[in-house]
Amino acid sequence: MTNEELYEEYRNGNKLALDELYSQNTKYIQRLADITAWRYASFFPCSDSADELFQVASFEFVQRIKSGNYDPQKAKLRTYVTPHMKYAMLEHIGMDRIGKNGKIYLRIMKCKRLAGEGVSVGEIAKQLGISESLARKNIIFPIRRYSIAPTDEDADIDEISEETIDLGAAKTDVLADRKICIEYAKVLFDRLSPKDRAILGRLYGVFGYSQMKAEDIGMIMMISRDAVMKSAANSIEKLHEMYNDNSDLLRWRCARRMAEKRNLSDQT
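So that you can map any letter, position 249 of the sequence shown is 248 in numbering that gives the first Met the number 0, and since no number is skipped, the others follow by simple counting.
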C-alpha cells in the first residue's frame, strides 16, 4: 500500500496501519537523518550522531501522523512530513550550530506552526522579534526540501538553498565544488522524462531552459497551472529519491564534507 493509503487506513481506525506506515518509511527517515548529520557535522563541532537525529525525526514523523493535519489531496505524505522532521532535527542540533540559513528555515517553520495554532500575525511577529511583513512571508512561504527562504525583512522572497555560496567572495575550490555539483545534478535531471524536464527546467530556469511562469508553461503544454505545479513537485520528489539512491552527487558531497571536517579538526 502507498503511504497515503496507509494514512487513510490509520485515520479510519486501523491503529496497526501506523506501525506499517512507519516501517515503510524507516529507510527514508534514516537517509534524511544521515544527510542532516553530514551537513551540519561538517561545519560545526557537533556531538549529535545520525542515530540521535534518526530518533528525533522518527518521533516527529509519528507525531505528524497522529496529529491528523495531513491532507492527501494537497501533497504526498513525504512532502508534508519532511519539513517537520527537518525542523525537529535542526532544533535538536541547536541554534548556535546550524548557520544562518538553517536559522531562517527554523524561523519559517515556527511561523507556520504558530499560524496553524491560530496565533495572529502580530503576535507571531512579536514572539519572534520580526516585522509583521516578514512573518506573513514566512507563513505563506512554500517549503521545499533543502529549504528555500526569504533573505531578510525588506527584500522580496528570494530562493536560496541551505548551502548558498556568496560567489563574489568564493574561493576557487568552492567554485570548483559548485561546478562539479551542478554537473552531477544535471545527470539526475537528464534521467527525468522529456516532459518533466521541460516543465521543471522552465519553472526554475535551469539547465538551458529560460525561466517561465507556471501559467505560461501551462499554455505551451496545454495543461492547467495546477498540473504544471503538480508535475514539478513530482519531479522534485523523483530527483530527491535519485539523489538519495547512492548517486554520484550524494557521494561527492559526503566526501567533500568529510574532507572539510578533517580540515576543521586539524585547525583546532
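We treat Cβ as the ideally placed atom computed from N, Cα and C, and that holds for glycine.
Assignment of residue 58 by DSSP, reduced to helix, strand and coil, places it in the helix class. For residue 78, the uninterrupted alpha helix (DSSP H) run begins and ends at 76-92, by DSSP. Considering only 85, 107, 139 and 23, the residue with the shortest C-alpha distance to residue 128 is 107. Nearest neighbour of residue 228 by Cα position, chosen from 63, 200, 124 and 59, turns out to be 200. Within the same chain, and ignoring the five residues on either side of residue 214 in sequence, the residues whose Cβ sits closer than 7 Å to its Cβ are 224. In the structure shown, residue 206 adopts coil according to DSSP, grouped into three states. Note that the C-beta distance between residue 202 and residue 241 is not below 7 Å. Distance between residue 211 and residue 136, taken at the CA atoms: about 22 Å. Across the structure, residue 15 and residue 9 are spaced so that their CA atoms are roughly 7 Å apart. Taking all protein chains in view, the Cβ of residue 1 is surrounded by fewer than 16 other Cβ atoms within 10 Å, so the residue is classified as exposed. Taking a C-beta distance under 7 Å as the contact criterion, residue 110 and residue 87 do not qualify as a contact pair. The alpha-carbon of residue 63 is positioned some 7 Å away from that of residue 80.
In this structure residue 29 is in contact with residue 53, their Cβ atoms being roughly 5 Å apart against a cut-off of 8 Å. Under the three-state reduction of DSSP output, residue 30 falls in the helix class. Distances from the alpha-carbon of residue 105 to those of 125, 120, 122 and 82 put 82 closest. Residue 248 is not a Cβ neighbour of residue 208, given a cutoff of 7 Å. Here the C-alpha atom of residue 72 lies approximately 12 Å from the C-alpha atom of residue 78.
It is roughly 44 Å from the alpha-carbon of residue 180 to the alpha-carbon of residue 13. Following the DSSP letters along the chain, one finds residue 233 inside the alpha helix (DSSP H) bounded by residues 224-243. For residue 70, no alpha helix (DSSP H) encloses it, and the DSSP letter there is neither H nor E.
Burial state of residue 4 is exposed, judged by a 10 Å Cβ sphere holding fewer than 16 other Cβ atoms. Inclusion of residue 234 and residue 189 in the CB contact set at 7 Å is not warranted, their separation being larger than that value. Rounded to the nearest angstrom, the Cβ distance from residue 56 to residue 31 is 6 Å, consistent with a contact under 8 Å.
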